[in-house]
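Here's the structure, in structure tokens; my notes come after.
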Amino acid sequence: MSAQAQPVQPGRFRLSASRRRRDRFARTAILAATLVALLPLALIIYYLLHKGLSAWSSSFFTTDPTGNTFFKSSSIGGIKSAILGTIEIVALAAAISIPVGVGVAVWLVEYGRHSRLASLVRFFIDVLTGVPSIVFGLFIYIVLIVGTGTTYAGYKGSLALALLMLPIVTRSAEVILQLVPTTLRESALALGAPRWRVVSRIVLPTAFSGLVTGVLLAIARAAGETAPLLFTAGATLKTNTDLGGFTNSLPLQIYYDVTQPTTAVVNRAWGAALTLVIMIGALNLIARLVARRSRLA
Amino acid sequence: MTVGGRSVLERPPLARLPDRALRYGLTALALAILALIVYFFIRLVGQARPAFAKEGVFGFVFGNDWNVSAEHFGALPLVVGTLITSGLALAMGVPIAVATALYITELCPLRLRGAMTVLVELLAAVPSVVYGLWGFFFLAPKLKGAEQWVADRLSFIPFVGGGNVIIPNYFVTGLVLAIMILPIVSAISREVMATVPDDQKEAALGLGATRWEMIRTAVLPYCRSGIVGGSMLGLGRALGETIAVTILIGDAPQLGKHLFQQGYTLAAVIANEFGEAQGLHRSALFAAALVLFVLTLVVNGIARGFVVRASRPGGGGAAAGAARSPGPSGPLVAEATSQP
Amino acid sequence: MTADGHPSRIADVEPDELADKLEQAPASVRSGSRIAAATHGQPAGANETELSTHKGLTVRLQGLRAFYGSTEAVKGVDLDFNANEVTAIIGPSGCGKSTMVRCINRMHEEVAGARAEGRVLLDETDIYGGGVDVVAVRRAIGMVFQKPNPFPTMSIFENVASGLRLSSPSRGRHAKAALHAKVEQALRSAGLWDEVSDRLSEPGAGLSGGQQQRLCIARSLAVDPDVILMDEPCSALDPIATLKIEELIGRLKARVTIVIVTHNMQQAARVADRTAFVLDGRLVEIGPTLQLFTTPTDSRTEEYVTGKFG
Numbered sequence: 000m001s002a003q004a005q006p007v008q009p010g011r012f013r014l015s016a017s018r019r020r021r022d023r024f025a026r027t028a029i030l031a032a033t034l035v036a037l038l039p040l041a042l043i044i045y046y047l048l049h050k051g052l053s054a055w056s057s058s059f060f061t062t063d064p065t066g067n068t069f070f071k072s073s074s075i076g077g078i079k080s081a082i083l084g085t086i087e088i089v090a091l092a093a094a095i096s097i098p099v100g101v102g103v104a105v106w107l108v109e110y111g112r113h114s115r116l117a118s119l120v121r122f123f124i125d126v127l128t129g130v131p132s133i134v135f136g137l138f139i140y141i142v143l144i145v146g147t148g149t150t151y152a153g154y155k156g157s158l159a160l161a162l163l164m165l166p167i168v169t170r171s172a173e174v175i176l177q178l179v180p181t182t183l184r185e186s187a188l189a190l191g192a193p194r195w196r197v198v199s200r201i202v203l204p205t206a207f208s209g210l211v212t213g214v215l216l217a218i219a220r221a222a223g224e225t226a227p228l229l230f231t232a233g234a235t236l237k238t239n240t241d242l243g244g245f246t247n248s249l250p251l252q253i254y255y256d257v258t259q260p261t262t263a264v265v266n267r268a269w270g271a272a273l274t275l276v277i278m279i280g281a282l283n284l285i286a287r288l289v290a291r292r293s294r295l296a
Numbered sequence: 000m001t002v003g004g005r006s007v008l009e010r011p012p013l014a015r016l017p018d019r020a021l022r023y024g025l026t027a028l029a030l031a032i033l034a035l036i037v038y039f040f041i042r043l044v045g046q047a048r049p050a051f052a053k054e055g056v057f058g059f060v061f062g063n064d065w066n067v068s069a070e071h072f073g074a075l076p077l078v079v080g081t082l083i084t085s086g087l088a089l090a091m092g093v094p095i096a097v098a099t100a101l102y103i104t105e106l107c108p109l110r111l112r113g114a115m116t117v118l119v120e121l122l123a124a125v126p127s128v129v130y131g132l133w134g135f136f137f138l139a140p141k142l143k144g145a146e147q148w149v150a151d152r153l154s155f156i157p158f159v160g161g162g163n164v165i166i167p168n169y170f171v172t173g174l175v176l177a178i179m180i181l182p183i184v185s186a187i188s189r190e191v192m193a194t195v196p197d198d199q200k201e202a203a204l205g206l207g208a209t210r211w212e213m214i215r216t217a218v219l220p221y222c223r224s225g226i227v228g229g230s231m232l233g234l235g236r237a238l239g240e241t242i243a244v245t246i247l248i249g250d251a252p253q254l255g256k257h258l259f260q261q262g263y264t265l266a267a268v269i270a271n272e273f274g275e276a277q278g279l280h281r282s283a284l285f286a287a288a289l290v291l292f293v294l295t296l297v298v299n300g301i302a303r304g305f306v307v308r309a310s311r312p313g314g315g316g317a318a319a320g321a322a323r324s325p326g327p328s329g330p331l332v333a334e335a336t337s338q339p
Numbered sequence: 000m001t002a003d004g005h006p007s008r009i010a011d012v013e014p015d016e017l018a019d020k021l022e023q024a025p026a027s028v029r030s031g032s033r034i035a036a037a038t039h040g041q042p043a044g045a046n047e048t049e050l051s052t053h054k055g056l057t058v059r060l061q062g063l064r065a066f067y068g069s070t071e072a073v074k075g076v077d078l079d080f081n082a083n084e085v086t087a088i089i090g091p092s093g094c095g096k097s098t099m100v101r102c103i104n105r106m107h108e109e110v111a112g113a114r115a116e117g118r119v120l121l122d123e124t125d126i127y128g129g130g131v132d133v134v135a136v137r138r139a140i141g142m143v144f145q146k147p148n149p150f151p152t153m154s155i156f157e158n159v160a161s162g163l164r165l166s167s168p169s170r171g172r173h174a175k176a177a178l179h180a181k182v183e184q185a186l187r188s189a190g191l192w193d194e195v196s197d198r199l200s201e202p203g204a205g206l207s208g209g210q211q212q213r214l215c216i217a218r219s220l221a222v223d224p225d226v227i228l229m230d231e232p233c234s235a236l237d238p239i240a241t242l243k244i245e246e247l248i249g250r251l252k253a254r255v256t257i258v259i260v261t262h263n264m265q266q267a268a269r270v271a272d273r274t275a276f277v278l279d280g281r282l283v284e285i286g287p288t289l290q291l292f293t294t295p296t297d298s299r300t301e302e303y304v305t306g307k308f309g
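Chains as they are written, first to last, in numbering that gives the first Met the number 0: chain A, 0 to 296; chain B, 0 to 339; chain C, 0 to 309.
Written as structure tokens, this is what we have:
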């Protein structure tokens, strides 16, 4: 008499093959898509390094572009004016937009709160975020160049960038300030502190690293913008420390170099691009590090 | 200050001054900003008026002829071009972005999650001019062969097939735009997916669902509004993108004839022609800017509507916060870079 | 002690006397003897003589009504807080006791859409009267909150000094020395000096929960208030820390009037001279604590203290 055990019915505890197949396929597809998303990043970084580094040299950073696009590489110059120009223009834009942006955010959180005026201001700031960046440049052009009959200037580019940065700074500052616990404000008020001291001694210091993060990210954003500068900052090659005159900048330099026929100029564009990406990357990195030290959220 | 029988609970007027000053000063600042923004739009409309007067608003938007020399400005080719490039960006970018979000939140090993997030967001740190540079010198030539192959194989499909492939063209532009909107769509999708309640996911898994089935039944439906909202924000970004598009699209102001040929967009025409534009031409460019802006405004408005809906209970609470740029630097980065 | 010499706090009663008193109480209240049993054995707070001869002031609420928008949270309350006494306010959640207390230092109006009507007299002055500055009121009437919240960006020293610095920053070396003296005095009064004197420059947030709350009390004390309001100050703390703070309250009443909101009836029995029972925005009953818990006059009070609701 055979005492064989009954075999377990196949499929009772096992997943159907087609479901398993579908699951595996979907998971692979998702992973593949993610890698596809990262592929351009790898390619861009590779190209930036490959072509950009080869353009780098000591003279690259210390000489101005010569505007010379037809002759040998040695006479096309570097990007000194572009680097300095970007730093100058963005610094001024930051100096304008940060106090204003943080100020409006402080008003929204501490004084305006849920009032109708505050809702209106918030709405318009939101609207400002949706403006295509070139339109900021157009506005400054109309008001400050055509309107005053004067010509391009570095500070006008800064103003266009400041307009671009304003909603970014305001919005991120508002979010950070709202994260400061109400009980902290109440404790300070309950000690008999006037509101302005509560804001300046308690709220702002507590929110500080969050604010710095938001500001750094806005600066990183502005540094990479080309369109607002097209019709405001003026195209020039010389290093210019006076923002009242034409001022070069990295994005502009790259933009103009892209369409030049000379390979050397195009290589310079890559070198400039690498420089710009490194600058922006550094700002982002610092912003991230600062965010980690934040006492909020 | 501490004498009993207190009768003086006052502060000298001088001490009250800073409080007043701060309050009124900041209120004035907020009002000034409000006035500035309103003035901004008034000037814009004012500059655009002559063009609208000549062509009529409808005539301008739907007129199919952008002819500078004849001073006739119908922006339809530009509008269509803008829509084509942005549509391509959405079609290619959103699925990939959602996939990366899914991967990071559902499938990725925990230790890699941070690194993956940073990598995706690094895409947002690349300035648009560099995207244009890279697209023009690397991507476009590399893809030309493949594009020609597709055009030849699919010659029976209008718009895609047949004809000669010119680079750069709509397709490359759309592709680069897709890469550019990846970070924001991914960031918002990630935020929404992170808010899916664990018990819903566990319920699906507990019923014996595979991972993918769980995603399909518990995660994706929950996040639908948020993902749509994020996509629309990405669309807004794509619509307004100027520099990369200008480099890549060429300057052919004709109604988009072919995927693999040159075209034009509203933003690109402004960048290319504004420098030398005079009079009516300049006004037409302002009108184009206005049209572009209204388009972006509408899209962003709808986007926020979706995102707000996603933030209602049962819809992914962090979505609204994500679009308004909340705490950790992730969405902050994405939001800061979401402006076209 | 009440005016006729009877002990007002259960903790002041001799054990055998307590048993007698409970004998006389109605049966329904006797079950509240768990209160007495729980609290007996607590030493009455010894009165420490402080460096300052500061005395507290009386606070009188007259017809106080408080609103959040159109909702009335406090519906006409007349209540006296005697000087240099600890008065507890008890009641079920949401009865308006916190709101009432926040009206005393005019914190209530900081909430958007909130307002108050009626009079609140500090000694003889109506703090809601014209010409009275809200900021000055808060220097005279301090507040300790439910969750300890030392300022995160400041050290222990700076936290205690913050009240002084925020209201009137000091300048010069002479002022600095005076500041140090005040900080030390405040920390001693709060019973925290011995524990932190060697680490005054460390962050305030690095202390334990109970120490943080005593730090907050020191912070309030440093500005020399006449009254200190405490809104459930121990609800976030462990029993040992709670005990320390209750002892502290017993010592502090010599120099300030204390109003303490608590949902813990045992705590009220331990620390308070008088207790008020608030229900649904109205004052139901107030009296010496022992009397309120053992022989309440209002049936609602009796139901609450015996645990029938709330």
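Ideal Cβ placement from N, Cα and C applies to all residues, glycine included.
Per-residue DSSP class, three states only, for LEU116 of chain A: Looking at LEU116 of chain A - three-state DSSP - the assignment turns out to be helix.
Closest Cα partner of HIS49 of chain A within the set A:ARG267, A:SER118, A:ASN239 and A:LEU249: Sorting A:ARG267, A:SER118, A:ASN239 and A:LEU249 by C-alpha distance to the C-alpha of HIS49 of chain A places A:ARG267 at the top.
Under DSSP, the beta strand (DSSP E) around LEU278 of chain C begins and ends at which residues? 273-278
Hey, GLN252 of chain A and ALA271 of chain A: beta-carbon distance below 8 angstroms or not? yes
Please decide whether PHE61 of chain B counts as near chain A, where near means a Cβ-Cβ distance under 8 angstroms. no
Exposed or buried, what is ILE239 of chain C when buried is set at 16 or more other beta-carbons lying within 10 Å of its beta-carbon? ILE239 of chain C sits exposed, since fewer than 16 C-beta atoms from the chains shown fall within 10 Å of its C-beta.
When you compare only the Cα positions, how much space is there between ILE218 of chain A and THR212 of chain A? Each residue's Cα considered, the two are about 10 angstroms apart.
Are the CB atoms of GLY80 of chain B and GLY58 of chain B within a distance shorter than 8 angstroms? no
Rounded distance between the beta-carbons of THR65 of chain A and LEU236 of chain A, thought under 8 angstroms: 7 angstroms
Could you list which residues in chain A have their beta carbon closer than 9 angstroms to that of ILE119 of chain B, in chain order? In the sequence under discussion, the amino acid at residue 119 of chain B is Val, which differs from the Ile named in the question. Chain A residues near VAL119 of chain B: THR33, ALA36, LEU37 and LEU40.
Which stretch, first to last residue, makes up the beta strand (DSSP E) that contains LYS74 of chain C? Element bounds for LYS74 of chain C: 70-80.
Are the C-beta atoms of THR296 of chain C and some chain A residue less than 8 angstroms apart? No, its Cβ sits nowhere closer than 8 angstroms to a Cβ of chain A.
Coil, strand or helix - THR48 of chain C by DSSP: Caution is warranted here: a pLDDT of 38 is assigned to THR48 of chain C, below 50, making its placement in the model unreliable, and the coordinate value is therefore given only provisionally. Three-state result, THR48 of chain C: coil.
Suppose contacts are defined by Cβ-Cβ distances below 8 angstroms. Is LEU340 of chain B in contact with THR172 of chain B by that definition? It is not possible to answer for residue 340 of chain B, since the shown part of chain B is limited to 0 through 339.
Counting only Cβ pairs nearer than 7 angstroms, list the residues of chain A close to MET99 of chain C. Going along chain A, no residue has its Cβ under 7 angstroms from MET99 of chain C, so there is no contact; the nearest lies around 15 angstroms.
Select from B:THR194, B:ARG303, B:ALA202 and B:ALA31 the residue whose C-alpha is nearest the C-alpha of LEU232 of chain B. B:ARG303
Selected residue, minimal CA-CA separation from SER92 of chain C, among C:ASP77, C:VAL110, C:ASN81 and C:ALA72: C:ALA72
Can you give me, in chain order, the residues of the stretch 294-308 of chain B that have a beta carbon less than 7 angstroms from any beta carbon in chain A? THR295, LEU296 and ASN299
Using a beta-carbon distance cut-off of less than 8 angstroms, what residues from the stretch 153-181 of chain A approach chain C? PRO180
Would you call the stretch 39-58 of chain A and the stretch 182-192 of chain A touching, i.e. three or more CB-CB distances under 8 angstroms? The stretch 39-58 of chain A vs the stretch 182-192 of chain A: no contact.
Whether or not the stretch 220-234 of chain C and the stretch 255-264 of chain C are in contact is what I'm after, with contact meaning three or more pairs of Cβ atoms, one per stretch, closer than 8 angstroms; do they touch? yes
Alpha-carbon spacing of ARG170 of chain A relative to ALA206 of chain A, whole angstroms: 14 angstroms
Minimum C-alpha distance to ILE103 of chain C - residue among C:SER219, C:LEU282 and C:MET142: Answer by Cα proximity: C:MET142.
I'd like to know whether the C-beta of ALA16 of chain A is nearer than 8 angstroms to at least one C-beta of chain B. no
What residue ranges within the stretch 194-261 of chain A form continuous beta strand (DSSP E) runs of no fewer than 3 residues, ordered along the chain? none
Rounded to whole angstroms, what's the CA-CA distance from LYS74 of chain C to THR98 of chain C? Just pull it up for me. 11 angstroms
When you compare the CB positions of ILE257 of chain C and VAL85 of chain C, do they come within less than 8 angstroms of one another, or not? Their beta carbons are under 8 angstroms apart, which means ILE257 of chain C touches VAL85 of chain C by this criterion.
ALA341 of chain B and GLY235 of chain B: beta carbons closer than 8 angstroms? Limits of chain B in this structure are 0 at one end and 339 at the other, which puts residue 341 of chain B out of reach.
Residues of chain B with CB closer than 7 angstroms to the CB of TYR46 of chain A, please, in chain order. TRP133 and PHE137
Run down chain A in chain order and give the residues with a C-beta less than 8 angstroms from the C-beta of TYR102 of chain B. ILE29, LEU30, ALA32 and THR33
With DSSP run on the structure shown, which of helix, strand or coil describes TRP65 of chain B? In the three-state reduction of the DSSP assignment, TRP65 of chain B falls in the strand class.
Where the stretch 89-107 of chain A meets chain B: residues whose CB sits under 8 angstroms from a CB there: Within the stretch 89-107 of chain A, the residues whose Cβ lies closer than 8 angstroms to some Cβ of chain B are VAL99, GLY102, VAL103, VAL105, TRP106 and LEU107, listed in chain order.
Whole-angstrom distance between VAL195 of chain C and LEU220 of chain C, CA atom to CA atom: LEU220 of chain C and VAL195 of chain C have their C-alpha atoms some 16 angstroms from each other.
Opening and closing residue of the beta strand (DSSP E) in which ARG281 of chain C lies: 281-287
Extent of the continuous alpha helix (DSSP H) run through ALA217 of chain B: Premise fails: ALA217 of chain B is in no alpha helix (DSSP H) and is neither H nor E.
Below 8 angstroms CB to CB, which residues in the same chain sit around ILE248 of chain C once its five sequence neighbours on both sides are set aside? GLY44, VAL85, MET229, ILE257, ILE259 and VAL270
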